[in-house]
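Numbering (the working numbering), first residue to last: 178 to 455.
In this text, a Cβ means the ideal position worked out from N, Cα and C, and glycines have one as well.
A quick note: this is a predicted structure, and the numbers were derived from the prediction, not measured.
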C-alpha cells in the first residue's frame with residue numbers, strides 16, 4: 178500500500194507533459210500568499226490559523242526541504258525529489274487538510290449513514306484531535322463523514338452513463354442529508370472519484386481545494402499522506418484535469434475497467450474510462 182501511494186505521489190509532480198508551477202508551502206512568504214487567497218475566498222480566520230499551524234508543524238520536522246524555498250518552481254525541476262523524501266512522516270492527509278479549510282463554509286442537516294461507518298474516516302476524525310488539539314463537535318464529525326463518504330451504485334458495466342449515475346447518487350445523498358457546499362464561485366472542493374463497476378461503488382480517492390483568481394487556478398492539496406502540503410498553479414481547467422487524472426491513470430492497478438472522474442463540489446467536470454478496455 179505504501180509503495181502504491183508513493184508511486185502516485187511521484188507521478189503527481191514529476192511526470193507532467195505540460196508546464197505548471199508549484200510551491201511546497203515551506204516558506205513564510207508562500208504561506209502568506211496562500212492564506213491571503215483563502216481569506217479572500219471566505220475561509221474563516223480561525224480555520225486559517227489552525228491550518229497554518231498544522232502546515233508549520235509539518236515543516237518543523239521536515240526542515241531539510243530546499244526545493245521551492247526560493248519561490249515558485251516549474252514542474253520539470255523535481256525529478257529526483259521523491260528519492261529523498263519518500264519516508265517523510267505525513268502527519269495528515271488530503272481529506273484532513275481540505276476539511277480544516279472548508280468545514281466553516283459547508284452545512285449539514287443530518288448525516289443518515291451512521292449505521293455503516295467507514296473505518297478510515299473514523300480514524301481520521303480521531304487523528305484531527307491528536308494533531309490540532311481540538312475536539313470536533315458531533316456536527317463537525319458528521320460533516321466530515323458526509324463530505325467524504327462513498328456511494329453504492331446500481332451498475333453492471335462501465336460506459337459513459339456511469340458518470341452521470343455517479344454524480345446523481347452523490348447529489349441525492351447530499352440532498353437527503355441537507356449538505357450544502359461553499360457559496361463562493363471562486364472556491365470549489367475537488368474530488369477525484371474512482372468508479373468501480375465490479376464493486377458497484379464510487380469513492381473519492383483524493384480531495385483538494387480549488388481557488389480561482391483572475392485567470393489563474395490554484396490547487397491547494399496534500400497530494401498523498403507522504404508528500405508535503407502543496408499549492409499548484411494552472412492556466413486552464415484542461416491542464417488541471419490532466420494533472421488530477423494522470424497519477425491514477427498511470428498507477429491504479431485496475432482489475433477490469435474503472436472510471437475516473439473529477440468533481441467540483443457536486444458536478445463532474447472531467448471523466449475518463451481506464452483499464453482493460455476491449
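What residue range does the beta strand (DSSP E) around residue i cover?
| i | result |
| --- | --- |
| residue 198 | 198 to 200 |
| residue 395 | 393 to 398 |
| residue 213 | No beta strand (DSSP E) holds residue 213; the alpha helix (DSSP H) holding it covers 205 to 217. |
| residue 286 | First-last for residue 286: undefined, no H or E at that position. |
| residue 220 | Counting along the chain, residue 220 falls outside any beta strand (DSSP E), and DSSP gives it neither H nor E. |
| residue 409 | 407 to 411 |
| residue 148 | Residue 148 is absent from the structure shown; the chain starts at 178 and stops at 455. |
| residue 332 | First-last for residue 332: undefined, no H or E at that position. |
Taking the C-alpha atoms as reference points, what is the distance between residue i and residue j?
| i | j | result |
| --- | --- | --- |
| residue 367 | residue 203 | 23 angstroms |
| residue 183 | residue 419 | Note that residue 183 scores a pLDDT of 39, beneath 50, so its modelled location is shaky; the value from the coordinates is reported in the next line. Computed Cα separation, rounded: 19 angstroms. |
| residue 235 | residue 334 | 43 angstroms |
| residue 343 | residue 441 | 13 angstroms |
| residue 336 | residue 237 | 47 angstroms |
| residue 258 | residue 223 | Since pLDDT at residue 258 reaches only 40, below the 50 mark, its modelled position is unreliable, and no value is offered. |
| residue 386 | residue 364 | 7 angstroms |
| residue 395 | residue 439 | 16 angstroms |
| residue 407 | residue 217 | 19 angstroms |
| residue 410 | residue 391 | 12 angstroms |
| residue 436 | residue 325 | 18 angstroms |
| residue 193 | residue 450 | Reliability of the predicted coordinates at residue 193 is poor, the pLDDT of 46 falling under 50, and no value is obtained from them. |
| residue 397 | residue 276 | 12 angstroms |
| residue 415 | residue 205 | 30 angstroms |
| residue 213 | residue 389 | 13 angstroms |
| residue 299 | residue 323 | 12 angstroms |
| residue 404 | residue 328 | 27 angstroms |
| residue 361 | residue 215 | 11 angstroms |
| residue 353 | residue 280 | 19 angstroms |
| residue 331 | residue 219 | 38 angstroms |
| residue 255 | residue 207 | Note that residue 255 scores a pLDDT of 37, beneath 50, so its modelled location is shaky; the value from the coordinates is reported in the next line. So the two alpha carbons sit approximately 18 angstroms from each other. |
| residue 211 | residue 393 | 13 angstroms |
| residue 423 | residue 434 | 16 angstroms |
For the alpha helix (DSSP H) containing residue i, name the first residue and the last one.
| i | result |
| --- | --- |
| residue 273 | 271 to 279 |
| residue 323 | 315 to 325 |
| residue 347 | 338 to 353 |
| residue 298 | 296 to 309 |
Thinking just about the alpha-carbon of each residue, which of the options is nearest to the one in residue i?
| i | options | result |
| --- | --- | --- |
| residue 225 | 417, 282, 449 | 282 |
| residue 291 | 331, 315, 280, 417 | 315 |
| residue 356 | 417, 403, 320 | 320 |
| residue 402 | 197, 211, 232, 210 | 232 |
| residue 285 | 274, 318, 301 | 318 |
| residue 201 | 351, 280, 400 | 400 |
| residue 301 | 220, 353, 274 | 274 |
| residue 197 | 425, 413, 448 | 413 |
| residue 269 | 210, 332, 354, 230 | 230 |
| residue 338 | 417, 207, 448 | 448 |
Compute the beta-carbon to beta-carbon distance between residue i and residue j, rounded to the nearest angstrom, for a pair I have assumed lies under 8 angstroms.
| i | j | result |
| --- | --- | --- |
| residue 272 | residue 446 | Residue 272 to residue 446, Cβ: 20 angstroms. No contact. |
| residue 340 | residue 443 | Going by Cβ atoms, the distance from residue 340 to residue 443 rounds to 13 angstroms, so no, they are not a contact pair. |
| residue 351 | residue 278 | The Cβ separation is near 19 angstroms, so there is no contact. |
Can residue i be considered in contact with the ligand MG, in the sense that its beta carbon sits closer than 7 angstroms to one or more heavy atoms?
| i | result |
| --- | --- |
| residue 367 | This structure lacks the ligand MG, and indeed carries no ligand of any kind. |
Next item on the list: Indicate whether the contact test is met: 3 or more Cβ pairs, each with one atom in the segment 340 to 347 and one in the segment 282 to 301, closer than 8 angstroms.
Entry: Cβ pair count under 8 angstroms is below three, so no.
**Message:** Across the segment 356 to 373 and the segment 301 to 308, are there enough close Cβ pairs to call them in contact, namely three or more that are closer than 8 angstroms?
**Reply:** Touching, no.
Contact between the segment 379 to 393 and the segment 310 to 322 (3+ Cβ pairs under 8 angstroms) = Short answer: they don't touch.
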